[in-house]
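For the sequence shown, counting from 1, position 296 maps to 307 in my numbering; every step adds exactly one. Don't be surprised by glycine CBs; every beta carbon is placed ideally from N, CA and C. Predicted model only: the values in this text are computed from it and were never measured.
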Amino acid sequence: QSRPWSHASGKVILLGEHAVVYGVPAIAVGISRGAMARAIPCDESTSVLRLEGLPVDLRADDEERDLARGFRAVLEAAGVHGSFVVEARTDLPPGAGLGCSAALGVALARALDPAANAALTAERAMAWERVFHGNPSGVDTAVSAEGGCIYFERGRGFERVESSAPLLLCVGHTGTISSTKSMVEAVARLRERRPEMVEKSFEGIRSLVRNARLAIEAGDVRALGQLMDLNQMLLSGLFLSTQEIERMCGLARDAGALGAKLTGAGGGGCVAALVENREVADRILRAWKEAGFEGFLAETPDRNRPAE
Ligand code: PMV
12 QSRPWSHASG KVILLGEHAV VYGVPAIAVG ISRGAMARAI PCDESTSVLR
62 LEGLPVDLRA DDEERDLARG FRAVLEAAGV HGSFVVEART DLPPGAGLGC
112 SAALGVALAR ALDPAANAAL TAERAMAWER VFHGNPSGVD TAVSAEGGCI
162 YFERGRGFER VESSAPLLLC VGHTGTISST KSMVEAVARL RERRPEMVEK
212 SFEGIRSLVR NARLAIEAGD VRALGQLMDL NQMLLSGLFL STQEIERMCG
262 LARDAGALGA KLTGAGGGGC VAALVENREV ADRILRAWKE AGFEGFLAET
312 PDRNRPAE
């Protein structure tokens, strides 16, 4: 019996990560890499999650595993009646800042209720995110469910940002994974010790994000690149950058990027470099490869594809 697959985007945060946890807006774009899921009704006593790459099926009544707890949370949030075998897969690297866990949560929520709109799907996927991240802002699930480019503010939801020029991004992996939860906790500790310093950084990020929105709407990718560079400086000041991140950003800028920064939680994971055209993108991807870093070109905004 063939069932349609539901799709959810991966994401790149263009500006505003971490500050977004404290109410500063952020801008994020969906990318075509993401997650897929489909729900097949079954006669079992409980629903089962079959995640590609995992050797065992996860039963929703399993109290031990986080993945099973997350799955149960989505089933409850979606108010599902009856039991399902839910198959899911993702082509996003985990722990890399590309929204792998949010995309899986959104794909599951959407597979269980394909008729729900993006905002409701994102809200249901938050039940999954809370199991893994403790204090998620919601930006990941919002952009994953909506696709395209969004301006997100915690507690206020999101607005679409219409870009007048295509946003071409080189996304590169430092090769180290990091835990979003512990990076968010590290910022919380820093904020307790140095509240003024952290608040000043957040206010700086707030104005960068506002200007970035205007730059995107005006199609001014050069201005957007500069704003991304400034955001990277403020993130480094919050101890979220690493040597590899700085190295990859430097290589990207030397090869002609308009701007480059970490994306997501930092402390490893991915960097995003904004480029004007494919030739520059190829140069950056080559420079990264020669230095031992993997990367790919993400053309955004990407609208979510309808179920196949
Ligand atoms: O590392 P990711 O892809 O989960 O991105 C997290 C973004 C943060 O702002 C660091 C956390 C959040 O909940 O918004």
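Contact set for residue i: own chain, Cβ-Cβ below 8 Å, skip 5 residues either direction
| i | result |
| --- | --- |
| Ala84 | Ala138, Trp139, Arg141 and Val142 |
| Val209 | Val198, Leu201, Arg202 and Leu249 |
| Leu245 | Ser212, Gly215, Ile216 and Leu219 |
Whole-angstrom distance between residue j and residue i, CA atom to CA atom
| i | j | result |
| --- | --- | --- |
| Leu291 | Gly277 | Correcting the residue identity first, residue 291 is Val in this sequence and not Leu. Cα to Cα, the separation comes out at about 24 Å. |
| Arg14 | Ala48 | 10 Å |
| Gly166 | Thr187 | 32 Å |
| Glu255 | Ile51 | 43 Å |
| Leu2 | Gly270 | One cannot answer for residue 2 here, as it falls past the ends of the chain, which runs 12 to 319. |
| Leu179 | Val220 | 18 Å |
| Val150 | Glu214 | 18 Å |
| Ile38 | Glu55 | 42 Å |
| Ala130 | Leu103 | 22 Å |
| Asn146 | Lys192 | 8 Å |
| Ala309 | Val154 | 15 Å |
| Ala30 | Arg171 | 20 Å |
| Val23 | Ala156 | 13 Å |
| Glu173 | Thr274 | 21 Å |
| Thr311 | Asp73 | 38 Å |
| Asp231 | Thr57 | 52 Å |
| Leu26 | Asn242 | 7 Å |
| Thr253 | Gly106 | 15 Å |
| Leu285 | Asp293 | 12 Å |
| Arg316 | Arg204 | Note that Arg316 has pLDDT 47, beneath the 50 cutoff, so the model's placement of it is unreliable and the number below is only indicative. Cα-Cα distance, rounded: 45 Å. |
| Cys111 | Ala133 | 14 Å |
| Val32 | Glu196 | 11 Å |
| Arg80 | Ala114 | 17 Å |
| Pro177 | Leu86 | 37 Å |
| Arg61 | Glu75 | 16 Å |
| Met259 | Ile161 | 26 Å |
| Phe304 | Ser94 | 43 Å |
| Arg289 | Phe82 | 39 Å |
| Val59 | Ser148 | 28 Å |
| Asp240 | Leu262 | 13 Å |
Environment of residue i [buried if 16+ CB atoms lie within 10 Å]
| i | result |
| --- | --- |
| Pro36 | buried |
| Ala302 | exposed |
| Ser175 | exposed |
| Ser218 | exposed |
| Leu65 | exposed |
| Glu28 | buried |
| Glu207 | exposed |
| Arg297 | exposed |
| Arg135 | buried |
| Val229 | Here the sequence assigns Ala to residue 229, which means Val is not the residue at that position. With fewer than 16 other Cβ atoms within 10 Å, it is exposed. |
| Leu225 | exposed |
| Gly34 | exposed |
| Gly3 | Given that the chain is displayed from residue 12 to residue 319, the structure contains no residue 3 and the question cannot be resolved. |
| Phe307 | exposed |
Residue of the options minimising C-alpha distance to residue i
| i | options | result |
| --- | --- | --- |
| His92 | Asp124, Asp73 and Ala99 | Asp124 |
| Leu251 | Gly267, Cys281 and Arg217 | Cys281 |
| Arg44 | Ser20, Ala298 and Glu75 | Ser20 |
| Arg233 | Arg204, Cys53, Glu257 and Ala268 | Ala268 |
| Gly236 | Cys160, Ala229 and Ala223 | Ala223 |
| Gly41 | Glu196, Leu225 and Val182 | Val182 |
| Asp77 | His144, Ala283, Ala266 and Thr185 | His144 |
| Val96 | Asp68, Ala266 and Ala89 | Asp68 |
| Lys300 | Asn288, Gly168 and His184 | His184 |
| Ile227 | Glu98, Phe82 and Gly159 | Gly159 |
| Met194 | Phe169, Gly90, Thr152 and Ser247 | Ser247 |
| Glu98 | Ala89, Arg70, Ala88 and Leu262 | Arg70 |
Residue i Cβ short of 8 Å to ligand 3 heavy atom set
| i | result |
| --- | --- |
| His184 | Here the bound small molecules are ligand 1; ligand 3 is not part of this structure. |
Beta-carbon proximity list for residue i, same chain, < 7 Å, skipping 5 on both sides
| i | result |
| --- | --- |
| Arg264 | Ala271 |
| Ser17 | Met47, Ala48, Arg49, Ala118, Arg121, Ala122, Pro125 and Ala318 |
| Cys53 | Ser94, Phe95 and Val96 |
| Gly90 | none |
Beta-carbon proximity list for residue i, same chain, < 6 Å, skipping 5 on both sides
| i | result |
| --- | --- |
| Glu164 | Pro36 |
| Gly108 | Thr274, Gly275, Ala276, Gly280 and Cys281 |
| Ser190 | none |
| Ala283 | Val23, Leu180, Val182 and Thr274 |
| Arg100 | Met47 and Glu63 |
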